[in-house]
Amino acid sequence: MLFNSPEFLLFLPIVFGLYWFVMQRNLKAQNMLLVIASYVFYGWWDWRFLGLIAFSTLVDYLVGLQIEGAHEKRAKKAWLGVSLLVNLGLLCYFKYSNFFIDSWVDAWASAGVTMHVSSLKVILPVGISFYTFQTLSYSIDIYRGNLKPTRSFINFAAFVSFFPQLVAGPIERASRLLPQIENKRVFKYEEGVAGLRLILWGMFKKVVVADTCAIYANDIFANYTEYSGPTLMLGAVYFAFQIYGDFSGYSDIAIGTAKLFGIQLMTNFKTPYFSRDIAEFWRRWHISLSTWFRDYLYIPLGGSRVGKWKSVRNVFIIFLVSGFWHGANWTFIVWGGIHAALFLPLLLRGKNRRYTSDTIGEGRWLPTGREFLGMAWTFSMVCVAWVFFRAASVSEAIQYIAHASNPEGFFNAPQKISYTACVYILSLIAGDWMVKSGSMPRRWNAPAFIAARWGMASLGIWFILKNFASEANFIYFQF
Amino acid sequence: MKRFFKRMGLFSLVLSGVSFLLFIVCSLSYTLEYKFFASETNWGYVNQRSTEWNKNELHEEDVLFFGSSTCYSGIDPSALHDFGLSGFNFCSSSQAIGNSASLIPAASMDVSPECIALDVYPWIWGTTTPGLESTKDWIINSNLRTPAWSKAYRTLALESGDIFTIFTTFYYDFARRFKAAGSNPNLAKDLKGDYRGLGYVARSYEALDSIECESLTRSMSDAECRYLEEISTHCAQRSIQLILINPPQLCEETFDMPPCFDGLAYIDGNAWPGAKTPRNFYDDHHLVEAGALSYSAWLAQQIASLLHAS
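Top line first, the protein sequences correspond to chains A and B. One rule links them: number in my numbering = place in the first sequence (from 1) + 69. One rule links them: number in my numbering = place in the second sequence (from 1) + 19.
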C-alpha cells in the first residue's frame, strides 16, 4: 500500500480508531493490531513476500534469545553468524544475485570467454534492504551487550514490521523503537498535531514537488542527447529535488504516522541541501542509514582513528557499500565512490567535523556569502553524483555529463524550464529554511499565526489533491 | 483526544471555507481556474454539442450516438434525415463503454429515442473503469447541468477513482452556474476540427495515401461487459433498440465476439464499401470529412433498415 493512495486514506483512520478506541487498555492487543495492520499494509503490494518478513522476524527473535542465553563468546558469535547469514543471504539472493551473475559473465567476456548463464527471474521484495538492516541491528546490539532481547514475539514482530517505516525507513534501532513498543503509549495532543503536520508536509514534498519534478527529470534523462548543457544541468537539479522530495517526503509521512500511534521515529533528513560541505551533507541525508553504517561498519573497521591509509580505506568501504546498498548496479557504486572522493579531502585535512553543531544562517534570515558559496558548491557536486544515481548505466551517466559540459549552446537558456516545478521547488526550499534552525516553528505555532497556518495547510491539501492522480511509487521502494 | 478531534473538526470547517473561497475566486478568473482546477478545451467540441442540445427544448431525436472520437468525427446524424429519422451525436474523446453507461441514462431523461447506437471501437477496450479523458471532458466542457447530467458526471468521477476529478466535479457544478463552457477567450482550440451541428465534428486533416498495418487483437474486460449489460437493461426497460457499431478501421482489429454482445443488434463498419480506402481516413481509424459523410450515409441506411425491421 502506498502512502499516496486512496486505500491508505481509509486504512489509516481505521487502524487509528481501533488502536486508540478499541484496544487502548490492552498493550498486547495494541501491538497485535500493529502487526496485523503492518502485514495488511505490506501484503497489499504482494502477499507472497509476507513469508520473508515473518521468516526474518522469527530468525532474529530466536537468535536474540540464543545469544543472550549462550555462555561462551564462540557460541554467541555463531548465533550472530546465523543472523548475518540469513539476513544478508536473503538480501543477496533477492537483490544482488543477477548483478553478481551478470558481472561474472561480463568479467569473463572481457577476457574473451563467452559464458551462457541466464539471469534469475527474481522479484525484489519491497523494503527488503530496510527491514533486514533493522533486524540485523537487533542481533548485533544483543551480541555487543548493548540490548536485552525481548521475550515477546508479538512485540518483536511489531518492531520489525511497524508499517509506517517498514518499506522505506527510517531504519530504526531496536534500542530506540523496541522500548516504545514494549511500554504503554499515551496519545498526546501536541504529538498528534505534529504528526498530522508532518504527514501533510511529507505529502506535499512527494505528491506536489517530487512527482512534478519527476515529469521533467524523466524526460530530460530519457532524451539527454537532444538537449543542451544548461537543460541537462537543470535535469540534474530536477532529479535532485525529485529524490529529496520523494524520500524525505516518505520519511516525514512515516514519522508523522508513527506519532499518531504514540511512537517516535528518528529524524531521517535535516535539510540536506543547506549543507556547507559534503561531510555535513552526510550528517543530514538519510541519517538512519548513514548512522547504521557508521555504527555497524565504519567504527568496527576502526573509523578514522587507525592511521591515514586505513582511514582512507574505511571511508571508501563505507561509501561504496552505501552505494551498493541502494541497488545492484555499478551506477550506485560509482555514486558512492564520488561521495567518498569528495569526503576524503575534508577527512585528510581534519575538516570533516566543521559543521556539526550549527546550521547555515543560524539566527539570521539569510546565509553569509561564504556559507552560500559552500552550499552552492556542495549542491553542485551532489547533483553531479545524482546523475550517476539516476542514469541506467555508468557510460550513460558519463555521456550525460559530457553533453552537459559541451560548450555548444552553453549560454542558451535551458529548455524544459517549468515555472510550476520551480514554484514548487522554491516552496520546498522556503519550508526547509523555516524549519532548519528550529526557531521559526516556535513563532509559527503562536495563536496569532493560526489563520495563516490553516490557510496554507488548506492550500497545501488542495495542491496535493490536484497532483494526487498519478499515484506514483516512491523511488526508495526499489531499494 | 477530544481536543485533537475538536481541532480537526475546526480545521475541516476552515478547509471547507477555503475551498469555497477558491471556488469563487477561480470562477472569476480563468487563470486561477487553470492553476487550481483545469483548463477548458474545444477538442471534441463537448461545449458546442451540449450548448446545441440545451438550445432545443423539445427533443424528438430518434437515434442517439454514444462512443469515442471515431464516432464524433465519423458519424453525421443528419444522414438519418434521408430515411425519415433524426439523431444526435453524444460521442467524445476516448468515451469508453463505461462512460456511455453513465451518460445514456442522463440523455434518456431529455428524450425518449427509438434507438441508441453505441460505438464499440475495440482499440479502447480492456479497461475496468470509465475513461478519465472523457470523464474530465464532460465535467469541464459540458453545458448540460440538469440534475440527471450532474449525477452522471459525479458517478463517472467516483467510478474513475481519481480524487481530484471528484473535487473538480463539485467545482464545475458550481462554476457553470455563472459561466458557460466555451466562453473562455483563451480556450484551447481544435484547429483541425469544425463543429457542424448535431454533435458531428468534421476533421480537416490530410487524407492518407496508404498505410502499413500491424495486427492488433483486443478483448473486452468483464467490467466493460457489465457496463454494456447495464446499458442493455436500461434500453430494454424503455423499449429502446440498442445497436452496437464497430467503426471502420483501415487496419482491422481482430477480437472474439464478447458474450455480452449476444442478442444485441450489431453493425460492422468494416462492411462499409469505403472501409479499406485510405483516402477516406487521416489515420488508421479516424475518417476525414468525405469519408465520414459517405460512411454516415451507409450507416444511416443500416440503422434505418434495422429499425424498420424491428
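Idealized CB from N, CA, C, for every residue including glycine. No experiment lies behind these values; they were computed from the predicted model shown.
* To do: Confirm, please, whether the CB-CB distance from Asn289(B) to Glu271(B) is below 8 Å.
  => yes
* Asked: Under 8 Å between C-beta atoms, does Leu47(B) make it to chain A?
  -> no
* To do: Can you check the region 356-418 of chain A for any alpha helix (DSSP H) of at least 4 residues that lies completely inside it and give the ranges in chain order?
  => 356-362, 377-395 and 399-417
* Quick one: list the residues of chain A neighbouring Leu34(B), beta-carbon separation under 7 Å, in chain order. => Ser527 and Ile530
* Endpoints, alpha helix (DSSP H) assigned at Ile116(B) -> Ile116 to Asp129
* In whole angstroms, what separates the C-alpha of Ala410(A) from that of Gly371(A)? -> 19 Å
* Would DSSP call Ile209(A) helix, strand or coil? -> helix
* Asked: Among all the DSSP beta bridges, which residues are the ones paired with Ile467(A)?
  -> BP columns for Ile467(A) are empty, so no partner.
* To do: Count the other C-beta atoms from every protein chain shown that fall within 10 angstroms of the C-beta of Pro267(B), then say buried if there are 16 or more, exposed otherwise.
  => buried
* **Alpha carbon of Phe362(A) to alpha carbon of Tyr108(A), nearest angstrom** => 27 Å
* To do: Could you tell me whether any Cβ in chain B is nearer than 8 Å to the Cβ of Val84(A)?
  => no
* Asked: Since Leu47(B) is in the beta strand (DSSP E), which residue starts that stretch and which ends it?
  -> It is not in any beta strand (DSSP E) - Leu47(B) instead sits in the alpha helix (DSSP H) that spans Lys21 to Leu47.
* **Start and end residues, beta strand (DSSP E) containing Asn265(B)** => Gln260 to Asn265
* Quick one: Cα of Leu99(B) to Cα of Ala319(B), how far? -> 5 Å
* Which of helix, strand or coil DSSP assigns to Ile494(A) -> helix
* **Alpha-carbon spacing of Pro248(A) relative to Leu159(A), whole angstroms** => 27 Å
* 9 Å Cβ cut-off: residues of chain A touching Leu41(B) -> Ser527, Leu528 and Trp531
* Asked: DSSP state of Asn514(A), grouped into three classes?
  -> coil
* To do: Would you mind working out which of Thr400(A), Cys452(A), Phe441(A) and Gly86(A) sits nearest Ala460(A), comparing C-alpha positions?
  => Thr400(A)
* Fully enclosed by the region 122-183 of chain B, which beta strand (DSSP E) runs are 3 residues long or longer? -> 134-138
* To do: Please compile the residues from chain A whose C-beta is within a distance smaller than 9 Å of the C-beta of Ile182(B).
  => Pro75, Leu78, Leu534, Phe537 and Ala538
* With 8 Å as the threshold, decide whether the Cβ of Arg22(B) is near any Cβ in chain A. => yes
* Asked: Is the region 378-396 of chain A in contact with the region 425-435 of chain A, if contact means three or more CB pairs nearer than 8 Å?
  -> no
* To do: Check whether the Cβ atoms of Phe343(A) and Lys505(A) sit closer than 8 Å, and answer yes or no.
  => yes
* Asked: What does Gly524(A) touch in chain B if you count any residue whose Cβ is under 7 Å from its own?
  -> Val37
* To do: Inspect the beta-carbon positions of Phe56(B) and Phe84(B) and report whether they are closer than 8 Å.
  => no
* Please confirm if Phe189(B) has its CB atom under 8 Å from at least one CB of chain A. => no
* Extent of the continuous alpha helix (DSSP H) to which Arg245(A) belongs -> Ala243 to Glu251
* Give the range of the beta strand (DSSP E) segment to which Tyr219(B) is assigned. => Tyr219 to Arg222
* Asked: So which residues of chain B does Gly261(A) contact, with C-beta pairs closer than 7 Å?
  -> Phe23
* Asked: So is Arg164(B) in contact with chain A if we call contact Cβ pairs under 8 Å?
  -> no
* **Inter-stretch contact (C-beta, 8 Å, three-pair minimum) for the region 214-229 of chain B and the region 88-108 of chain B** => yes
* How far does the alpha helix (DSSP H) with Asn15(B) in it reach, from first residue to last? -> Residue 15(B) is absent from the model: chain B starts at 20 and stops at 329.
* So which residues on chain B does Trp89(A) lean against when the C-beta distance must stay under 8 Å? -> Met20
* **Integer Cβ distance of Phe222(A) from Leu103(A), believed to fall under 8 Å** => Not really, about 13 Å apart at Cβ, beyond 8 Å.
* To do: Identify the continuous beta strand (DSSP E) that holds Tyr214(B) and give its terminal residues.
  => Gly212 to Gly216
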